[in-house]
Every structure is written in C-alpha cells, then in structure tokens.
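I have placed the structure first, in the form of structure tokens, so that the comments after it can refer back to it.
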Amino acid sequence: MKRLFPILSVITAGLLAYALYQALVVAPTDALQGDVYRIIYYHVPSAWTAFLLFLINFVASIVYLFRRSQKADMVALVCAEVGVVFCTVVLVTGPIWARPVWGIWWAPGDIRLTSTLVLWLIYVSYLVLRRFSSSAQTQMLAAALAVFGALDMPLVYFSIWFFRTQHPQPVIGGGSMDPRMLHTLLISWAAFLCFAFLICWARYRLEVLQREVEQAHAMESLVGAGVTAKPSMPLTRGAK
Amino acid sequence: MTTQTFLFHYGQYVAYIATWLIHGFYIGILLHRFSRARRELNELEKGK
Chain A
2 MKRLFPILSV
12 ITAGLLAYAL
22 YQALVVAPTD
32 ALQGDVYRII
42 YYHVPSAWTA
52 FLLFLINFVA
62 SIVYLFRRSQ
72 KADMVALVCA
82 EVGVVFCTVV
92 LVTGPIWARP
102 VWGIWWAPGD
112 IRLTSTLVLW
122 LIYVSYLVLR
132 RFSSSAQTQM
142 LAAALAVFGA
152 LDMPLVYFSI
162 WFFRTQHPQP
172 VIGGGSMDPR
182 MLHTLLISWA
192 AFLCFAFLIC
202 WARYRLEVLQ
212 REVEQAHAME
222 SLVGAGVTAK
232 PSMPLTRGAK
Chain B
420 MTTQTFLFHY
430 GQYVAYIATW
440 LIHGFYIGIL
450 LHRFSRARRE
460 LNELEKGK
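Now the structure itself:
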C-alpha cells in the first residue's frame, strides 16, 4: 500500500499534465466565447467530482446512522472536506468565466448559482460542526445534517432543466458539443477524479492518525487518573 | 484593459491558477496537520 500511493501520484500528475495540454492547446477554440470557454475544463470536472464526493458522504452517513461504523464516519468526513474544496473551485472559477461572458460576476437569484452556494454552505456547516462540537452526539448530528444536506444536490443538478436560469445547459445530454471538446472534458474529469481519490486517501490516513493521537491522549489521561482497565468502547472525537 | 477584456483573453489561465492555488492551499493544510499529528504521537510514545 505504501508503494501504491507514490505510483498513483505519478500517474495522476501525468494525467493532470495531459489534461492541461488538451484543455489549453488541443481543444478547439469556441466560436462565440473564444478561449475563455476553456474554464469549463476545470469548472465542470470540479463540479462533477464535488457531487460524487457529496454523494459518497450521503451514503456513508446513512451507513453510519444504521451501523455506527467508525469507518463510514471517517469516509463521510473525508468526502465532505475534499468535496468542499472542489466546490470552492467551482464557485471561484464560475465567476471568472461569467464576468467576460455574461458581463457580471454573479447572477443574483439564479437558482443554479444560489443552490450551489447553499450546497457549499451546508457542507461548510457540516465541517464546522465536526470541528468545533465536542458533544458525544456530534457524529450522529453531522450524519443527519449530511443526509438532509444531500437533498440540495438534485436541486442543483436539475435546476437547469426545470427552471429558467442564466447558467448554460448541461454539457452531456443538454446540447451539442464538439467531440474534441467532450473528449478533453472527459480526460480532465478522469484527471480530477484521480487527484480527488489521492487527496481523499491522504486525508483518510490523516484522520486515522488523528484518532490514534486522541485515543493515546485519552489513555494517558485515564492512566494518570489511576484507571488501568481499557475503555469498553473505542474513544472517538466526541468522547474526549 | 478592463477586467472584462482581461478575463476574456486570459480568464482560462486565471481560473487554472485559482484552481491550483485552492488545491495547493488545502494540500498545505493537510501536510501541516500530518506533521502535527506525527509529532504529537511521537511525543506521546516518548512519554511512555
């Protein structure tokens, strides 16, 4: 496993470099928007990756609520955190494209933009809850928040189908896209997926390490207090 | 050159830099947290 991570890192770096070359050099220039349209090669794959991570967070949260599995809880936390990073990329690159094309940075009241911002805020709230709440119920509350928060995802995705919005129509299934552009977009998504997987892996290892530190601290406190028996339950962040 | 014109010509590069600044910042946070957790674990092991 230790060797696999550097190998995957090299493959991902190669894929990201190839995707960048395709996005900035090979993909044809858009007839109407010029070269600024190339932002979709980071914006759209980041959005898809964020959605996928939030979906995994949703499934892991349900698993945690039913089984109280610590692994499911860690997967949910990791996916929410990395998903927020990708969603931040979406919210930053979108206005960079909108300013020259629409003439405005942000369309207030646009349901696609607003629901995406709300989605980001929900998962930021999730992370704030995880980080600052010391209650024993934190994991359960966070899982419940994640389940309800996931309800915003279909709204974000389908908003451009069902509502009048300034946001462009979906890339796949919503319009005609040059096959070379679609090819570049899919390569970019593959590169971003590999990158997200690596980051999630590293973040999962960090979470395991942090829980080991917390458990060691708790054991030290117990030993200091004269308690010699091992705790009957695994010590978690909420049980400090 | 206005912001709009600048972004029309160079927006793809600006977005690319912004994307990797965000990811780089997050990777920096992860590395910092890794080193802190390892240091704490080592200190706890030394204290035993």
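Line by line, the protein sequences are chains A and B.
Residue numbering for the first sequence follows the working numbering, beginning at 2 and increasing consecutively.
Residue numbering for the second sequence follows the working numbering, beginning at 420 and increasing consecutively.
Yeah, the Cβ is synthetic: ideal placement off N, Cα and C, and Gly gets one too.
Check your understanding: How far does the alpha helix (DSSP H) with Ile161/A in it reach, from first residue to last?
Key -> From DSSP, the alpha helix (DSSP H) with Ile161/A extends over Asp153 to Phe163.
**Study point:** Beta carbon proximity, Ala145/A to chain B, threshold 8 angstroms
**Key:** No, Ala145/A does not count as interfacial toward chain B.
Exercise for review: Would you list, in chain order, the members of the region 86 to 102 of chain A that have their beta-carbon closer than 7 angstroms to a beta-carbon of chain B?
Suggested key: Correct list: Val86, Thr89, Val90, Val93, Thr94, Ile97, Trp98, Arg100 and Pro101.
Practice item. Check whether the Cβ of Phe52/A sits closer than 7 angstroms to any heavy atom of the ligand SAM, and report yes or no. Key: Of ligands this structure carries none, so the ligand SAM is not represented either.
Practice item. For the alpha helix (DSSP H) containing His184/A, list its first residue and its last residue. Key: Element bounds for His184/A: Pro180 to Gly225.
Review point. If you measure from the beta carbon of Gln167/A to each beta carbon in chain B, is any gap under 8 angstroms?
Key: Not one chain B Cβ lies under 8 angstroms of Gln167/A.
Exercise for review: Could you work out which residues of chain A lie near Gly447/B, taking near to mean beta carbons separated by less than 7 angstroms?
Suggested key: Scanning chain A for C-beta atoms nearer than 7 angstroms to the C-beta of Gly447/B yields nothing, as the closest lies near 12 angstroms away.
Check your understanding: Does the region 158 to 167 of chain A come close enough to the region 77 to 92 of chain A to have 3 or more Cβ pairs within less than 8 angstroms?
Key -> Too few Cβ pairs lie closer than 8 angstroms, so no.
Review point. Is the CB of Lys241/A under 8 angstroms away from at least one CB in chain B?
Key: At Lys241/A, the pLDDT of 37 sits below 50, so the modelled position is not reliable and the matter cannot be decided from this model.
Review point. Around the Cβ of Pro75/A, are there at least 16 other Cβ atoms within 10 angstroms (buried) or fewer (exposed)?
Key: Inspection of the sequence shows that residue 75/A is occupied by Met rather than by Pro. Here Met75/A is buried: its Cβ has 16 or more other Cβ atoms, across all protein chains shown, within 10 Å.
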